[in-house]
Structure formats: structure tokens, C-alpha cells
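Reviewing the structure listed below.
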Amino acid sequence: MLDINEALQAIVDGSYGLCKVCKAPIPKERLEALPTAVTCTEHSKEQTVSQNRPIEEDLLSPPAGQFENEESAAYDGEDAYQDVERYGNSETPSDMEFPPLTYDDVYTQSEDEDYVEDYEGFAAADIEGKASKVYPTKAHEAYEEALDEEGVMTVFGDLKPYEEEPYTQENH
1 MLDINEALQA IVDGSYGLCK VCKAPIPKER LEALPTAVTC TEHSKEQTVS
51 QNRPIEEDLL SPPAGQFENE ESAAYDGEDA YQDVERYGNS ETPSDMEFPP
101 LTYDDVYTQS EDEDYVEDYE GFAAADIEGK ASKVYPTKAH EAYEEALDEE
151 GVMTVFGDLK PYEEEPYTQE NH
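Using full-length UniProt numbering, read the sequence shown as starting at 1 and increasing by one per residue.
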């Protein structure tokens, strides 16, 4: 109530919209958000922002699909939802913009569970983990084409010249 009376007095005095400390104009946005403001943000009484968060936030977890490590192959909340969803949900084909032909197509499609990395479907290693062979498959061709389109030799960027040498066709 004191803030309202102070702002009303500033209107009567003709000083409303001017900071009572530095006499600078108070931004219109601040007055729209806080009509009782008689100081600019620099001279406002409340300068500290509390870093204390409500205790409830410690118990809340992010909704499905908003996890720190989205590319993880580990069983996560999204996988759990997909497992439960197979037993049914409230959606029917008529709820969809492009209705599927069967109820099985209504459910969220899971990602490929076969391999963590794309290349694992065609690259082989021996018992000690040493690369031993690459099997020519359609997946391998698609992988190579994708790399060629990007003009790189790996999915994580281009190789440094000293790493590239064993893979190039040029003989020195």
C-alpha cells in the first residue's frame, strides 16, 4: 500500500516516471510491469535475486525426451513409456492427422536397438576389439555416401592430415 501511495504522490508532484534517486527517466517497460516504481532498476530496493529454488524441484525430473544425454543407448524413460504404450493409450487412428492403417502404427516408434553407432552394423572386430573387416552392405554404402556428401571422413568431423594418410589412395 505504501508503494501505491508513493507512486500517487509522484503523479501529484509531476515526478512520476523519473527515478527519485538519480532523476533519470524510468523505462516505459518497467513502469508497465511495475506501475508503482519510483526508482530505476539500478536504485530499486530489491537488488538481489534469490538462488534458493523450491524444494519440489529436487523431486521433479524432466519430461520424456528432455534428458541430458539424449543419444544414450541406455534404457531410459522414453523406452519405458514405449514399453507401456504397447499395451494401449487413449489415441486412436482417428486422432491422427494422417491416420495409420493399423493400431500398431499409432504407437511411438522406437529407435533402432541394434547398434549404438551406425557403423557397427557393417564393421567387424576380433575378440580383442581390433578392427578386422568391413562387410559391404546397403547400410555401409549409405554411410559412405553420407560422409562423401559432407566431404568428411568421419561422423565427428574431418581427420587431421596425419590421421588421414593411411586412408588415402595417394602413394608417396
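Cβ coordinates follow ideal geometry from the N, Cα and C atoms, glycine included.
Under 8 Å by Cβ, that's how I've got residue i and residue j pegged, so tell me the actual separation to the nearest angstrom.
i   : j   : result
V38 : K23 : Not really, about 11 Å apart at Cβ, beyond 8 Å.
G17 : L31 : 6 Å
I55 : C40 : Not confirmed; about 34 Å, so no contact.
On the criterion of 16 or more Cβ atoms from any shown chain inside 10 Å, does residue i qualify as buried, or is it exposed?
i    : result
Y87  : exposed
Y103 : exposed
Y143 : buried
G65  : Confidence is the limiting factor: at G65 the pLDDT is only 49, short of 50, which leaves the residue's position unreliable and the question unanswerable from this model.
E145 : exposed
Taking a contact to mean a Cβ-Cβ separation below 9 Å, would you say residue i touches residue j in this structure?
i    : j    : result
T137 : F156 : no
A125 : S132 : yes
A7   : T36  : yes
P93  : D105 : yes
(message) Report the start-end ranges of each alpha helix (DSSP H) in the stretch 31 to 105 that is 4 residues or longer and not cut off at the edges.
(response) 77 to 85
(request) Tell me the start and end of each unbroken alpha helix (DSSP H) in the stretch 121 to 153 that is at least 4 residues and wholly inside, in chain order. (result) 138 to 150
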